[in-house]
Every structure is written in C-alpha cells, then in structure tokens.
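Q:
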Amino acid sequence: MIVVTAATGQLGRRVVEGLLERVPAGQIVAAVRSPEKAADLAARGVLVREADYDRPETLKGAFGAGDVVLLISSDLVGGRLPQHVAVVDAAVEAGVARIAYTSLLHADTATVSIAPEHKATEEHIRASGLPFTFLRNGWYSENHAAAIAQGAATGSIFGSAGEGRVASATRDDYAAAAVAVLTGEGHENHENTVYELSGDLAWSLPELAAEVSAVAGRPVSYQDLPVEDYERLLAEAGLAPELAAAYAGFDVAIAKGEIGDATGELRRLIGRPTTPLRDTVAALLGDA
Ligand SMILES: NC(=O)c1ccc[n+]([C@@H]2O[C@H](COP(=O)([O-])OP(=O)(O)OC[C@H]3O[C@@H](n4cnc5c(N)ncnc54)[C@H](OP(=O)(O)O)[C@@H]3O)[C@@H](O)[C@H]2O)c1
46 MIVVTAATGQ LGRRVVEGLL ERVPAGQIVA AVRSPEKAAD LAARGVLVRE ADYDRPETLK
106 GAFGAGDVVL LISSDLVGGR LPQHVAVVDA AVEAGVARIA YTSLLHADTA TVSIAPEHKA
166 TEEHIRASGL PFTFLRNGWY SENHAAAIAQ GAATGSIFGS AGEGRVASAT RDDYAAAAVA
226 VLTGEGHENH ENTVYELSGD LAWSLPELAA EVSAVAGRPV SYQDLPVEDY ERLLAEAGLA
286 PELAAAYAGF DVAIAKGEIG DATGELRRLI GRPTTPLRDT VAALLGDA
C-alpha cells in the first residue's frame, strides 16, 4: 500500500490525484486527521484511515507492514517535531518498507526559522533505521499569492528580500515529485536518497513585480523595506505578530539566497519543466 498522511491538505490531495493516475485506488491509503473530509476519496475507492499526528493511538492502525509512507509535514510550525516523531515511531512499529518526508530545501544548512524542525525530523528518520526518501521542497510559488494580488490591485509589492532570488515551484510540481518517489521501483526505488527540489528558474521580487505587471496590464513596482518596517507593515495589515515576524524572516532568507538554488532535481524527477512563474501569476489572477 502507498500511504499519504495529511491527504486532505492542498499538497496531499494533489499527491493522491497523481497516484490515482498510476496505481489502482485500492492500493492507496489516505491517512488523515478527519476521515469525514476524505469521504470523496473513499467514494473513489481510496482507503481512508484515521491518522492524527497529535493522537498516537490513531497512528498505530494507520500503517501496515510493507507500506510505503509519505509523511507530509504538519502545518503546526513550532510544535511539529513531536508530531512527526510520533508518525515515524508508528511507522517503525508497523514495519513499513520506506518513509518519504516533505522536508525543506537544504534543510541541514538553512537558517530560516522553519529549518530546525525539518532537520530534526530528518535526523529522527535516519536514526529510526527505516529506508527513507527526503523530498526537500523549496518554496511554493503560491506562497506569494497575497503579494501578487496586492501588486495587481495597488501597483506595489512590498518586501525586504532585496535582489535575493527564489527558485519556487508549484504545489502541483512538488506533488508530482512525491508521486514519482512513491511509485518508483527497481533501480528507481529512491531509497535513502535526498532530493533538493526547486523550480527551474530563480526570480527576484522586482522580477515578480514585472510578471504581475505584465499579467495585470498595469505598472507594478517592488518596494524594498528594512526588515523591521516590513514586519510592522505585515502586522498593520492584520497578521499576528509571530506570523509577521516569520514572513519577514522568510524575506531575510531569500536575501541570503537560501531558497534561490535552482538545482534541476525537481525537473529531473518529474520529467518535465517546473511551472513557470508567469503561469502561476496568471492562474492566481484568474487569467489562465
Ligand atoms: N515549502 C513551502 O513553501 C511550504 C509552504 C506551505 C506549507 N509547507 C509545508 O508543507 C505542508 C503541506 O502543505 P499544504 O499546502 O498541503 O498545507 P495545508 O493545505 O495547510 O495542509 C496541511 C495538512 O496538515 C494536516 N494536519 C495538520 N495537523 C495535523 C494533525 N495533527 N494530524 C494530521 N494531519 C494534520 C492538515 O489536516 P486537515 O486536512 O485535517 O486540516 C492538512 O491536511 C504544510 O503542512 C507545511 O509543513 C511548505
């Protein structure tokens, strides 16, 4: 069986859809916090099991011997290490064949705030002795949806990333990579392999503004701010203080080049180019 955790999330749903194109529905398990949210998948023949990262008792029945498991990282930033550890420990106990984990681009060296939990999860998986595949996902292009909408509406995009570059790809691209490593066989079984996944082309925020301008048909400029000013702007726009700090921190990481590495590994894994930024901007602005 191929088991996908968090299968009712945005990435998880895309992974299940990709799997359904390759393997019979009866070989796919959606392991989810709320089984009722996966009723549509159950109706299509996907097996649905309860798997709440916060309730280890549900994780015991979520995996079986010989399963290939995709652990999709939790969205509980700052509290997800114990959740991931619980999933890995349950997978070991069940005797799964391999675990794939959605980590972060260069998780072992990145300094961005979300890196330590990914690095520690990877270390726990290595120490568990399970065969593993690390999908070190770079930035989602969709992370910039709010900036893209704001640029189209007001003509300005704000940030503090300077000329730093982002090698982003879409959730569809990363989901396709997960499908490739979950279904790989023979020499392509992806065992004990680390993939540094990112978009084919890195772009800067001024270039993002130019893309938005081209799609929206109006001048759009990028306004670079000192990081404290950008954080304050985000807070004034309604973001909780810790989120405003986290988002401003992401721009610092972009400025340092931490998510600008266009490795080409995602393109190789999925056998096609990653989705161009222009297509994502057009889709988000409803022009696709
Ligand atoms: N690389 C990037 O740029 C980037 C950007 C955003 C997120 N991420 C990471 O990638 C992950 C997947 O992204 P996404 O877009 O699919 O996020 P998402 O749509 O917010 O999905 C998060 C998923 O985590 C599940 N989840 C949360 N707490 C759980 C728990 N206690 N037990 C079981 N499942 C739990 C949610 O379950 P429900 O469906 O029941 O709510 C949901 O399915 C995120 O969780 C985050 O770690 C990366």
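Quick note on the numbering used here: the sequence shown kicks off at 46 and runs consecutively. Don't be surprised by glycine CBs; every beta carbon is placed ideally from N, CA and C. Since the model is a prediction, treat every value here as computed from it, not as a measurement.
Count the C-beta pairs between the segment 260-278 and the segment 236-247 that are closer than 8 Å, then say yes if the count reaches three, no if not.
A: The answer is no - the segment 236-247 does not touch the segment 260-278, with fewer than three Cβ pairs under 8 Å.
Q: Would the C-beta of residue 184 count as close to ligand 1, meaning under 6 Å from any of its heavy atoms?
A: As a first step, residue 184 must be located in the sequence shown, where it is residue number 139. It does: the Cβ of residue 184 is within 6 Å (strictly closer) of some heavy atom of ligand 1.
Q: By DSSP, does residue 216 sit in helix, in strand, or in coil?
A: Against the sequence shown, residue 216 aligns to sequence position 171. It is helical.
Q: From 63, 125 and 198, pick the residue whose C-alpha is nearest to that of residue 169; which is it?
A: The residue you call residue 169 lines up with position 124 of the sequence shown. Comparing Cα-Cα distances from residue 169 to each of 63, 125 and 198, the minimum goes to 125.
Q: Using the Cβ count rule (16 or more neighbours within 10 Å means buried), how would you classify residue 281?
A: One-based indexing of the sequence shown puts residue 281 at position 236. Looking at its Cβ environment, which holds fewer than 16 other Cβ atoms inside 10 Å, residue 281 is exposed.
Q: Give, in chain order, every unbroken run of the alpha helix (DSSP H) that is at least 4 residues long and sits entirely within the segment 130-201.
A: With a minimum length of 4 residues, the continuous alpha helix (DSSP H) runs that stay inside the segment 130-201 are 160-173 and 190-199.
Q: Would you mind sorting residue 171 into buried or exposed? The rule is 16 or more other CB atoms within 10 Å of its CB.
A: Working through the sequence shown from its first residue, we reach residue 171 at position 126. It is exposed - the Cβ of residue 171 has fewer than 16 other Cβ atoms within 10 Å.
Q: Terminal residues of the continuous alpha helix (DSSP H) containing residue 72?
A: Translated into positions along the sequence shown, residue 72 becomes position 27. From DSSP, residue 72 is part of no alpha helix (DSSP H); its letter is neither H nor E.
Q: Classify residue 88 as buried or exposed, calling it buried when 16 or more other Cβ atoms lie within 10 Å of its own Cβ.
A: Reading the sequence shown from its first residue, position 43 is the one you call residue 88. When all chains shown are included, residue 88 counts as exposed.
Q: Kindly examine ligand 1 and report whether one of its heavy atoms sits closer than 6 Å to the Cβ of residue 55.
A: On the sequence shown, position 10 is the one that residue 55 refers to. Indeed, a heavy atom of ligand 1 lies less than 6 Å from the Cβ.
Q: Per DSSP, what kind of secondary structure is residue 249 in: helix, strand or coil?
A: If you number the sequence shown from 1, residue 249 lands on position 204. DSSP places residue 249 in strand when its eight states are reduced to three.
Q: Out of 82, 106, 95 and 58, which one is the CA nearest neighbour of residue 139?
A: Within the sequence shown, numbered from 1, the residue matching residue 139 stands at position 94. Checked all of 82, 106, 95 and 58; the closest Cα to residue 139 is 106.
Q: Using beta-carbon positions only, say whether residue 100 and residue 149 come within less than 7 Å of one another.
A: What you label residue 100 is simply residue 55 of the sequence shown in a count that begins at 1. What you label residue 149 is simply residue 104 of the sequence shown in a count that begins at 1. The answer is no: Cβ separation not under 7 Å.
Q: Would you kindly check if the distance between the Cβ of residue 305 and the Cβ of residue 160 is under 7 Å?
A: Translated into positions along the sequence shown, residue 160 becomes position 115. Translated into positions along the sequence shown, residue 305 becomes position 260. No. Outside cutoff.
Q: Tell me, which residues are paired with residue 52 by DSSP?
A: Position 7 of the sequence shown, counted from the first residue, corresponds to residue 52. DSSP lists no partner for residue 52.
Q: Would residue 327 and residue 261 be called neighbours here (beta carbons separated by less than 7 Å)?
A: In the sequence shown, residue 327 corresponds to position 282, counting from 1. In the sequence shown, residue 261 corresponds to position 216, counting from 1. Not closer than 7 Å, so no.
Q: With residue 98 and residue 79 assumed to form a contact (beta carbons below 8 Å), what rounded beta-carbon distance in angstroms separates them?
A: On the sequence shown, residue 98 is found 53 positions in, with the first residue counted as 1. On the sequence shown, residue 79 is found 34 positions in, with the first residue counted as 1. The pair is not a contact, with the Cβ atoms about 12 Å apart (cut-off 8 Å).
Q: Give every residue of the same chain whose Cβ lies closer than 6 Å to the Cβ of residue 142, excluding the five residues on either side of it in the sequence, and list them in chain order.
A: Translated into the one-based positions of the sequence shown, residue 142 becomes position 97. Hits under 6 Å: 111 and 113.
Q: In the DSSP output, which residue or residues are listed as bridge partners for residue 47?
A: Within the sequence shown, the letter at position 2 stands for residue 47. Beta-bridge pairing links residue 47 to 73 and 113.
Q: When burial is assigned at 16 or more other CB atoms within 10 Å of the CB, is residue 209 buried or exposed?
A: Here residue 209 is taken as the residue at index 164 of the sequence shown, counted from 1. Its Cβ being crowded by 16 or more others within 10 Å, residue 209 is buried.
Q: On the CB-based measure, 16 or more other CB atoms within 10 Å of its CB, does residue 199 come out buried or exposed?
A: Here the question's residue 199 lines up with position 154 in the sequence shown. Label assigned to residue 199: exposed.
Q: What separation, rounded to the nearest whole angstrom, lies between the Cα atoms of residue 320 and residue 230?
A: As a first step, residue 320 is located in the sequence shown; it is residue number 275 there, counting from the start. As a first step, residue 230 is located in the sequence shown; it is residue number 185 there, counting from the start. Rounded to whole angstroms, residue 320 to residue 230 spans 26 Å at the Cα level.
Q: Return yes when the Cβ of residue 117 is within less than 7 Å of the Cβ of residue 57, no when it is not.
A: Along the sequence shown, read from residue 1 onward, the residue named residue 57 stands at position 12. Along the sequence shown, read from residue 1 onward, the residue named residue 117 stands at position 72. For residue 57 and residue 117, yes; Cβs fall inside 7 Å.
Q: Using only CA atoms, which one of 293, 221 and 130 lies nearest to residue 339?
A: The question about residue 339 has no answer, for the chain in this structure spans 46 to 333.
Q: Give the secondary structure of residue 93 by DSSP, where H, G and I count as helix, E and B as strand, and everything else as coil.
A: Indexing the sequence shown from 1 puts residue 93 at position 48. Here residue 93 sits in strand by DSSP.
Q: Kindly examine ligand 1 and report whether one of its heavy atoms sits closer than 6 Å to the Cβ of residue 99.
A: Numbered from its first residue, the sequence shown carries residue 99 at position 54. Within the cutoff, so yes.
Q: In whole angstroms, give me the CA-to-CA distance for residue 65 and residue 226.
A: Along the sequence shown, read from residue 1 onward, the residue named residue 65 stands at position 20. Along the sequence shown, read from residue 1 onward, the residue named residue 226 stands at position 181. Going by the C-alpha atoms only, they are around 14 Å apart.
Q: Would you give the residue range spanned by the beta strand (DSSP E) that residue 241 belongs to?
A: One-based indexing of the sequence shown puts residue 241 at position 196. Taken as a continuous stretch (DSSP letters only), the beta strand (DSSP E) holding residue 241 covers 238-242.
Q: Taking the alpha carbon of residue 310 as the point to measure from, which residue in 219, 109, 206 and 46 has its own alpha carbon closest?
A: For this step, residue 310 is matched to residue 265 along the sequence shown. Cα-wise, what sits closest to residue 310 is 219.
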